[in-house]
Amino acid sequence: LQENSKAYQAYGKKDIFERHRHRYEFNNKYLKEFEQEGMIATGKNPEKDLVEIVEIPKHPWFVGVQFHPEYKSTVLNPHPLFVDFIKASYENKKR
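Convert by adding 1 to the 1-based position in the sequence shown; the result is the number in the working numbering.
As structure tokens, this is what we get:
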């Protein structure tokens with residue numbers, strides 16, 4: 002994960018492992034165009050250079066992922082992205 006990203010902020014670490022259940026992937030052919038418009042890849046599979054996480058830094062909390070965070074989330078141990086989303090929502094509402 003990029004250290005200056007919302008995903009890194011949520012996880013608190015650079016390397017993560019998540020579950021997938023699909024065969025979709027981000028087409029890297031268009032990555033530069035997305036980045037020029039403000040959406041950046043903040044998490045990539047280091048072995049295959051596949052984009053796993055995208056963010057829009059200028060948005061209060063826009064994080065898109067290729068994996069299923071709900072698979073690793075429980076009531077007593079919610080996924081870090083869910084927790085960070087709720088925190089960001091609460092902080093944004095206070096403004």
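By construction, the Cβ of each residue, glycine as well, lies at the ideal position given by its N, Cα and C atoms.
Note that the structure is a prediction, hence the values are computed from the model and not measured.
Status (buried if at least 16 other CB within 10 Å, exposed otherwise) for residue i
i	result
I87	exposed
V84	exposed
L2	buried
Beta-carbon proximity of residue i to residue j, cut-off 8 Å
i	j	result
H69	R24	no
D50	N29	yes
A11	P81	yes
K59	V52	no
8 Å contact criterion, which residue i and residue j should meet: CB distance rounded
i	j	result
I54	V66	5 Å
Three-state secondary structure (DSSP) of residue i
i	result
P81	helix
N93	helix
I87	helix
| request: Would you list, in sequence order, the uninterrupted beta strand (DSSP E) runs of no fewer than 3 residues that lie entirely inside the segment 25-71? | output: 41-46, 51-56 and 64-66
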